[in-house]
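Contents: one structure, followed by commentary.
Residue numbers (the UniProt record's numbering): 1 to 592.
The structure is reproduced here in structure tokens:
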């Protein structure tokens, strides 16, 4: 963590740079002071020798010369005053490490002999055989050729001075390193503290906290960076809000569209779908017996998958028409581009079922009404002519013909009345008597009403409740009419040995009733028209042998209008030879 920290890196860099500079500077200083001490020692010894030489010139008394020399010289040095080969004065030193040298030793040295021969000043560092330390010697002649003055000193004294200076240099370097460490840490902390704040602010921005502001502590480049960061946060918040508004606007537009919209990425995954498109996907998955992976996560149906492959391969718009669960969909798919790269496709699904239904209704309405009226009118005409023409001779025969005429007139009356009721319902003139009804007795009454018919046809009829409440608010007569129609149709179109179930489910906002049979099912092309007027069961659902003709094709249309009057919905799912499920849902708050 230390090396990954800006504080550590900056602190180490400054400390390393200062230590390197101090190391070079210390070496240079040590070398400088070493030479300086030697030169300074030579100068002092030479000055001492010159002064002693002047004292010798001024005084004749040797005791006075010796005492004065002791006062002039350094206590650690020794002075040898040579007048001739056998005549010399020696001023002793306080240093026990300094060896004693006689006149012969000086004469034996070639460089020192020049002082006596040529009268030149001599400076030399020499090694003495009986001493472990070297000595520094200077020599100067006495004027008027009276002799020579030699002054020498042990190098230990110079080394002690150098060591003292070295300690001072190292102490200063150590203090400098400590101060540099403190200063570097303080400086790096001052520099990185705003950066740490900005890092924390960036993490908060990543979590969606766009109101985060970094404090501006300085007015340098870091302060300008903090101001730029705060400006970036405001701009980012503005753009995110704008994108959210656009997304909400697009979502609202998609939800309000009558056509289905599906956006698919390059991998064939559904990204966006609106409610009409979800209806198509749900019907496709019911048809293929495929469950969605999660809420709203639908796998791509085969027709759309094939069309998608064509669009991606050809990079052109494609169109197809698909019929699923009796509903006809026209699908138009267009490629989506990212510059020149096709990144996916968007499909528009238009439900053409209503157009097909209206076309069919226009063709079938007159034929259906004519068909329903033609048979009773023909029977009325035929039997009335038989009575008028006295074809029926006995009273019993005339009464039988009159009863048939009466039954057919009642049938025409029922047809007209149901048409009038249906017209009033579709015009919104239906009136409901809403009351709280206990569901279990209500449902058992309907089951009992059809139990005999079910037993005669060897069909198992039963009712189930899943989380159903005890009481619901609805118009009992109207809902009974709906259930009567649905249960009667289910029993009549279920093979012997089959089963009809009436399942009631209760949720938070609505209650649902499903009538499920294991009968012959409805042909897919007829599913969209089962709730229309004059839909005939024998057209898509085969009656059992010997089954009497019953109904005129208005029951499901009336049931649909009754459910919609309760603000509910009714739908049908069916597979040929597998069974049919009618489901209606009534919201609990429809009468609020």
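Every residue, glycine too, gets a C-beta built ideally from N, C-alpha and C.
These numbers come from a predicted model, not from an experiment.
Worksheet entry | alpha helix (DSSP H) segments (min. 4 residues) lying fully within the segment 31 to 96 | With a minimum length of 4 residues, the unbroken runs of alpha helix (DSSP H) contained wholly in the segment 31 to 96 fall at 62 to 72.
Practice prompt. Report the three-state DSSP secondary structure of residue 1 (helix, strand or coil).
Written response: In the chain shown, the residue the question calls residue 1 occupies position 1. Caution applies to residue 1, whose pLDDT of 48 falls short of 50 and renders its modelled position unreliable; the value that the coordinates give is listed next. Looking at residue 1 - three-state DSSP - the assignment turns out to be coil, as it is neither helix nor strand.
Worksheet item: Counting along the chain, where does the alpha helix (DSSP H) carrying residue 221 start and finish?
Response: For this step, residue 221 is matched to residue 221 along the chain shown. Residues 221 to 256.
Worksheet item: Within 10 angstroms of its Cβ, does residue 394 collect 16 or more other Cβ (buried), or is it exposed?
Response: To locate residue 394, count along the chain shown from 1; it is residue 394. With fewer than 16 Cβ atoms within 10 Å of its Cβ, residue 394 is classed as exposed.
Worksheet item: So what does DSSP say about residue 123, is it helix, strand or coil?
Response: Sequence index remark: in the chain shown, residue 123 carries index 123 (1-based). Shown here, residue 123 sits in a strand according to DSSP, grouped into three states.
Fill in: Extent of the continuous beta strand (DSSP E) run through residue 204
In the chain shown, residue 204 corresponds to position 204, counting from 1. Per DSSP, residue 204 belongs to no beta strand (DSSP E); it is in the alpha helix (DSSP H), 155 to 206.
Practice prompt. From the DSSP output, in three-state form, read off residue 522 for me.
Written response: Indexing the chain shown from 1 puts residue 522 at position 522. Coil at residue 522, not helix or strand.
Fill in: Simplified DSSP state of residue 540, which is helix, strand or coil
For the purposes of this step, residue 540 is identified with residue 540 of the chain shown, where counting begins at 1. Residue confidence is low: residue 540 scores 39 on pLDDT, short of 50, so the model does not pin down where it sits. Its coordinate-derived value is still stated next. Residue state, collapsed to three classes: helix.
Discussion item. With a threshold of 8 Å, are at least 3 pairs of Cβ atoms found where one atom belongs to the segment 256 to 269 and the other to the segment 216 to 231?
Written reply: Result no; under three Cβ-Cβ pairs closer than 8 Å.
Worksheet entry | residue 88 versus residue 75 - alpha carbon distance | Here residue 88 is taken as the residue at index 88 of the chain shown, counted from 1. Here residue 75 is taken as the residue at index 75 of the chain shown, counted from 1. In a straight line, the C-alpha of residue 88 is about 19 Å away from that of residue 75.
Item to complete: Could you check what DSSP says for residue 549 in three-state terms: helix, strand or coil?
Response: Here the question's residue 549 lines up with position 549 in the chain shown. With a pLDDT of only 45 at residue 549, under the threshold of 50, the placement of this residue in the model should not be trusted; the figure read from the coordinates follows. Reduced to three states, the DSSP call for residue 549 is coil.
Worksheet entry | As assigned by DSSP and simplified to three states, the class of residue 141 | Residue mapping note: residue 141 aligns to position 141 of the chain shown, counting from 1. Collapsing the DSSP output to three states places residue 141 in a strand.
Worksheet item: Going along the chain, which residues of its own chain have a beta-carbon closer than 6 Å to the beta-carbon of residue 82, five neighbours each way excluded?
Response: Along the chain shown, read from residue 1 onward, the residue named residue 82 stands at position 82. Here the set comprises 88, 103, 147, 148.
Discussion item. Any contact between the segment 522 to 531 and the segment 565 to 578? By contact I mean 3 or more CB pairs, one from each, below 8 Å.
Written reply: A contact exists between the segment 522 to 531 and the segment 565 to 578.
Practice prompt. Please look up how many angstroms separate the CB atoms of residue 79 and residue 69, rounded, as I've assumed it's under 8 Å.
Written response: Against the chain shown, residue 79 aligns to sequence position 79. Against the chain shown, residue 69 aligns to sequence position 69. So it is a contact: roughly 5 Å between Cβ atoms.
Practice prompt. Look up residue 294 in the DSSP assignment and say whether it is helix, strand or coil.
Written response: Locating residue 294 in the chain shown gives position 294, counting from the first residue. For residue 294, the predicted structure reports a pLDDT of 47, less than 50, and the residue's modelled location is therefore unreliable. A value from the coordinates is still provided. Strand, per DSSP.
Worksheet entry | Residues near residue 463 in its chain [Cβ-Cβ closer than 6 Å; skip 5 each side] | Position 463 of the chain shown holds residue 463. So the list reads 443, 447, 502, once near-sequence residues are dropped.
Discussion item. My parser needs the alpha helix (DSSP H) runs of 4 or more residues fully inside the segment 280 to 340; what are they?
Written reply: Listed in chain order, they are 302 to 314.
Worksheet entry | Neighbour-count burial assignment, residue 300, 16 or more Cβ in a 10 Å radius | Within the chain shown, the letter at position 300 stands for residue 300. With 16 or more other Cβ atoms within 10 Å, it is buried.
Item to complete: Run the proximity test for residue 77: is its beta-carbon closer than 6 Å to any non-hydrogen atom belonging to the ligand PLP?
Response: The ligand PLP is not part of the structure shown, which contains no ligands of any sort.
Worksheet item: The beta strand (DSSP E) with residue 579 in it runs from where to where?
Response: Working through the chain shown from its first residue, we reach residue 579 at position 579. DSSP places residue 579 inside the beta strand (DSSP E), whose first and last residues are 579 to 587.
Worksheet item: What whole-angstrom Cβ distance do residue 240 and residue 191 have, given they're in contact under 8 Å?
Response: Stepping through the chain shown from its first residue, residue 240 is reached at position 240. Stepping through the chain shown from its first residue, residue 191 is reached at position 191. The Cβ separation is near 31 Å, so there is no contact.
Fill in: Classification of residue 136 by the beta-carbon crowding that lies within 10 angstroms, buried from 16 upward
Residue 136 sits at position 136 when you count from the first residue of the chain shown. Label assigned to residue 136: buried.
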